[in-house]
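Report on the following structure.
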Amino acid sequence: MSVPDAPATPLADGPAAAPPARRVLAQAAFEARMILRNGEQVLVAVVIPVLALVGLVQTSFVALDTDGMSRVDFLTPGVLALAVMTASFTSQAIATAFDRRNGVLRLMATTPLGRGGLLAGKVLGVLAVEAVQVVLIGAAALVLGWRPDPAGVLLALVGVVLGTAAFTALALLVAGTLRAEAVLALANLLLLVLALGGGVIVPADRLPGPLATLAAWLPSGALGDVLRGALVDGALPLVPVLVLAGWTAVLGTLAARLFRWH
Amino acid sequence: MPRSPAVEVHGLVKRYDGRTVVDGLDLTADAGRVTAVLGPNGAGKTTTVECCEGLRSPDAGTVRVLGLDPVADAAALRPAVGVMLQDGGLPTGVRAQEMLEHVARMYARPLDTGELAERLGLGAFARTTVRRLSGGQRQRLALALAVVGRPRAVFLDEPSAGMDPQSRLAVWELVRELRDGGAAVILTTHLMEEAEDVADQVAVVDHGTVIARGTVPQLLAAGVDRDGTATLVVDTASDVDPTGLAARLGGRFTVERRSGTSLAVSGPVAPGTVAATTGWLAEQDVLVTRLDLGRRTLEDVFLDLTGRSLR
Numbered sequence: 028m029s030v031p032d033a034p035a036t037p038l039a040d041g042p043a044a045a046p047p048a049r050r051v052l053a054q055a056a057f058e059a060r061m062i063l064r065n066g067e068q069v070l071v072a073v074v075i076p077v078l079a080l081v082g083l084v085q086t087s088f089v090a091l092d093t094d095g096m097s098r099v100d101f102l103t104p105g106v107l108a109l110a111v112m113t114a115s116f117t118s119q120a121i122a123t124a125f126d127r128r129n130g131v132l133r134l135m136a137t138t139p140l141g142r143g144g145l146l147a148g149k150v151l152g153v154l155a156v157e158a159v160q161v162v163l164i165g166a167a168a169l170v171l172g173w174r175p176d177p178a179g180v181l182l183a184l185v186g187v188v189l190g191t192a193a194f195t196a197l198a199l200l201v202a203g204t205l206r207a208e209a210v211l212a213l214a215n216l217l218l219l220v221l222a223l224g225g226g227v228i229v230p231a232d233r234l235p236g237p238l239a240t241l242a243a244w245l246p247s248g249a250l251g252d253v254l255r256g257a258l259v260d261g262a263l264p265l266v267p268v269l270v271l272a273g274w275t276a277v278l279g280t281l282a283a284r285l286f287r288w289h
Numbered sequence: 051m052p053r054s055p056a057v058e059v060h061g062l063v064k065r066y067d068g069r070t071v072v073d074g075l076d077l078t079a080d081a082g083r084v085t086a087v088l089g090p091n092g093a094g095k096t097t098t099v100e101c102c103e104g105l106r107s108p109d110a111g112t113v114r115v116l117g118l119d120p121v122a123d124a125a126a127l128r129p130a131v132g133v134m135l136q137d138g139g140l141p142t143g144v145r146a147q148e149m150l151e152h153v154a155r156m157y158a159r160p161l162d163t164g165e166l167a168e169r170l171g172l173g174a175f176a177r178t179t180v181r182r183l184s185g186g187q188r189q190r191l192a193l194a195l196a197v198v199g200r201p202r203a204v205f206l207d208e209p210s211a212g213m214d215p216q217s218r219l220a221v222w223e224l225v226r227e228l229r230d231g232g233a234a235v236i237l238t239t240h241l242m243e244e245a246e247d248v249a250d251q252v253a254v255v256d257h258g259t260v261i262a263r264g265t266v267p268q269l270l271a272a273g274v275d276r277d278g279t280a281t282l283v284v285d286t287a288s289d290v291d292p293t294g295l296a297a298r299l300g301g302r303f304t305v306e307r308r309s310g311t312s313l314a315v316s317g318p319v320a321p322g323t324v325a326a327t328t329g330w331l332a333e334q335d336v337l338v339t340r341l342d343l344g345r346r347t348l349e350d351v352f353l354d355l356t357g358r359s360l361r
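Protein chains in written order, with my numbering: chain A, 28 to 289; chain B, 51 to 361.
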């Protein structure tokens, strides 16, 4: 006959979890390593933004009204915004969708990391990748003569975090509701559409017709405007900050409700 | 040694889109025992263990693992539970050893990853990415991840799928070691040989409920006791007339010719039956080439219970 002889605290003496911070940091390092090891991801996250920056600054095939600024001062904030979108949206959506399909999310959720730790690890992993992006793109821009407003650099980091929150929420929403192949297609397509017409590199108010109004209310346009505000004027523009916060709230709520682990 | 139930499932119900997959299932698994959940594909085995792992919430019924609720007490339970998913759960771009070390970091006192890798033969592909591993190699890695945290309850969903025989031996050896160390091991399988090989307890699942449970010998005996008959198959070197043997054995037995030189004796087979059969054949000067006492398998038990084949 079975006798319940287990001690009152059955887990006290036996298996134990690593401290929460160590688990989340381990997951963040793991996520960042996986992204930076993947050639396609590095291409999209670092090589393309740097090439776009160099190409647009060094040539004048694309006519730009820079408000009297140098081309590099005008373009660098937008290229940084684009880089944030590749890391926090495109690459995160694709990675999470395939991890979900392969059962990785469920397996890690059964370890002491848990679902919350996995999510935190993913967000920190994205921020780590963005740190690499900012350093490399910033270095390229400085070489090209970029002179950002020193007071705006810290504010720009706030903008990066706000944009990361909105776009990570979008990434998790699509990754947690659609098939992996569909996410792969959608995440790349959306990045391209937003990069060209979403007010990222070319500010929303320079876009033609109704796009000018629309793009300002998109998270892409708002992120571009926040980074330009910080790095060019040394101040965070209120409306785009609120737009980003609003998108984060809406997309985050939807992702929390609709995300399917299976 | 007293045993405490490490896993207790009572009246578990789980529906997907109105379709009932698990339907009032009861399951108990003891610490220090290997419990096999045996059943055909779609019987509800995976859903049941996923409810135990906290990956799904039951629609009705209770699930307790090490005395805790897998959903409500997830944070307390996770360090003590090891999981091997049916679809692996391995990221494709990671190297085998790297993944093992990563999961080990989630625990305060993990097993030595080098030693564990050696035990399961992971060394040969330690630096290979998951996408290049064979099915058996992935399964061994997934098992290593399930046990690296020294779990007290281990859930293995179809652990031997895609494994070569050597891998399977290594895996069963590790499973027995975990059991002897006091862990409760719960594995699902649709292969009866697997349950016969490794399980101390078997729960046969079909259509979302347990239709039979017990040790392998108990299950095998239960089917025989129900109708009390068994079949003795005798192959002979030359042709014999079944009616002569039937007359010798008496009315409680039927003797049928299966093929030219093979006879099937059905009835309450006892030691005397075997002696009488071979004795009669000796009188006829007929050599016996094979004698099969019709040892039942879990497959037969399952067939008896459901009328269907297991695979």
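C-beta atoms are modelled at their ideal positions from N, C-alpha and C, and glycine is treated no differently.
From what residue to what residue does the beta strand (DSSP E) around A/L140 run?
Taken as a continuous stretch (DSSP letters only), A/L140 belongs to no beta strand (DSSP E), as it is neither H nor E.
How about B/D162: is its C-beta nearer than 8 Å to some C-beta of chain A?
So no, B/D162 is outside the interface.
What three-state label does DSSP hand A/I228 in the structure shown?
A/I228: coil per DSSP, three-state reduction.
Might you give, ordered along the chain, the residues of its own chain that have their beta carbon closer than 8 Å to the beta carbon of B/L193, omitting 5 neighbours on each side?
Closer than 8 Å at the Cβ level, and outside the excluded window around B/L193, lie M134, L170, L206, P209, V221, L224.
Measuring straight from C-alpha to C-alpha, what distance separates A/L189 and B/L75?
Each residue's Cα considered, the two are about 48 Å apart.
In chain A, which residues lie with their C-beta within 8 Å of the C-beta of B/M156?
Here the neighbours are A44, A45, R50, A53, T138, P139, L140.
Starting from B/S210, trace the alpha helix (DSSP H) both ways and give me its first and last residue.
No alpha helix (DSSP H) contains B/S210, which DSSP labels as neither H nor E.
Alpha carbon to alpha carbon, how far is A/A196 from A/L285? Give it in angstroms, no decimals.
Their backbone Cα atoms lie some 12 Å apart in a straight line.
Take A/L278 and list the residues in its own chain whose beta-carbon comes closer than 7 Å to its own, dropping the five residues that flank it on each side.
Same-chain partners within the cutoff: A193, A196, L197, L200.
Please tell me whether A/A242 and A/L234 are closer than 8 Å, where the distance is taken between their beta carbons.
Cβ atoms of A/A242 and A/L234: closer than 8 Å.
Counting contacts by CB-CB distance shorter than 8 Å, is A/V131 in contact with chain B?
Taking Cβ atoms only, chain B reaches closer than 8 Å to A/V131, which makes this a yes.
Work out the CA separation of B/L88 and B/D275 for me, nearest whole Å.
Reliability of the predicted coordinates at B/D275 is poor, the pLDDT of 46 falling under 50, and the value obtained from them is presented with this limitation in mind. Rounded to the nearest angstrom, the two C-alpha atoms are 21 Å apart.
Would you be able to state if there are at least three C-beta pairs under 8 Å between the segment 252 to 261 of chain A and the segment 91 to 105 of chain A?
These segments touch.
Between B/D285, B/V305, B/V284, which lies nearest to B/G294 when the distance is taken from Cα to Cα?
Among B/D285, B/V305, B/V284, the Cα nearest to that of B/G294 belongs to B/V305.
Let me check one thing: in DSSP terms, what residues is B/S309 bridge-paired to?
Partner(s): B/S312.
Any contact between the segment 102 to 120 of chain B and the segment 53 to 66 of chain B? By contact I mean 3 or more CB pairs, one from each, below 8 Å.
The segment 102 to 120 of chain B, when compared against the segment 53 to 66 of chain B, does touch it at the 8 Å Cβ threshold.
B/L105 touches chain A at which residues, Cβ-Cβ below 9 Å?
Neighbours of B/L105 on chain A, chain order: R133, A136, T137, W288, H289.
State yes or no: is the C-beta of B/L299 within less than 8 Å of the C-beta of B/T323?
Cβ atoms of B/L299 and B/T323: closer than 8 Å.
Touch check for the segment 157 to 168 of chain B and the segment 91 to 102 of chain A: three-plus C-beta pairs under 8 Å?
No: fewer than three Cβ pairs fall under 8 Å.
Counting along the chain, where does the alpha helix (DSSP H) carrying A/M112 start and finish?
Looking at the DSSP string, the run of the alpha helix (DSSP H) that includes A/M112 is 98 to 112.
Give the residues from the segment 86 to 111 of chain B that approach chain A closer than 9 Å (Cβ to any Cβ), ordered along the chain.
Flagged, chain order: E100, E103, G104, L105, R106.
In whole angstroms, what is the alpha-carbon distance linking A/A276 and B/L105?
Rounded to whole angstroms, A/A276 to B/L105 spans 26 Å at the Cα level.
Spatial neighbours of A/V77 within its chain, please: C-beta separation below 7 Å, excluding the five flanking residues on both sides.
Only L163, I164, A167 meet the Cβ criterion.
By the 10 Å Cβ neighbour count, where 16 or more other Cβ atoms means buried, how is B/P129 classified, buried or exposed?
So B/P129 ends up on the buried side.
So which of B/S312, B/L331, B/M242, B/E103 has the shortest CA-CA distance to B/A86?
Closest option to B/A86, Cα to Cα, is B/M242.
Quick one: complete beta strand (DSSP E) runs, 3+ long, within the segment 85 to 124 of chain B?
Counting whole runs of 3 or more residues, the segment 85 to 124 of chain B contains the beta strand (DSSP E) stretches 110 to 115.
What residues in the segment 84 to 117 of chain A bring their beta carbon closer than 7 Å to a beta carbon of chain B?
Going along the segment 84 to 117 of chain A in chain order, one finds no residue with a Cβ nearer than 7 Å to chain B.
So with Cβ pairs under 8 Å, would you call B/G212 a contact of chain A?
No, no contact with chain A.
Check each residue of the segment 64 to 79 of chain A: if its Cβ is closer than 9 Å to any Cβ of chain B, include it; give the result in chain order.
Correct list: R64, N65.
Once DSSP output is grouped into helix, strand and coil, what is the label at B/R263?
Of the three classes helix, strand and coil, the one that applies to B/R263 here is strand, per DSSP.
For A/S115, which residues from the same chain have a beta carbon less than 6 Å from its beta carbon, with the 5 sequence-adjacent residues on both sides left out?
Within the same chain, A/S115 has close Cβ partners V153, T191, F194, T195.
Just how far apart, CA to CA, sit B/L140 and B/R155?
Near 16 Å, if we compare the C-alpha coordinates of B/R155 and B/L140.
Could you check what DSSP says for A/M61 in three-state terms: helix, strand or coil?
It is helical.
To the nearest angstrom, report how far apart A/L216 and A/A209 are at their CA atoms.
Each residue's Cα considered, the two are about 11 Å apart.
Just reading off the alpha helix (DSSP H) that B/R69 is part of, what are its end residues?
No alpha helix (DSSP H) holds B/R69; the beta strand (DSSP E) holding it covers 69 to 80.
Based on the DSSP secondary-structure assignment, which residues constitute the bridge partners of B/I236?
B/T85, B/F205.
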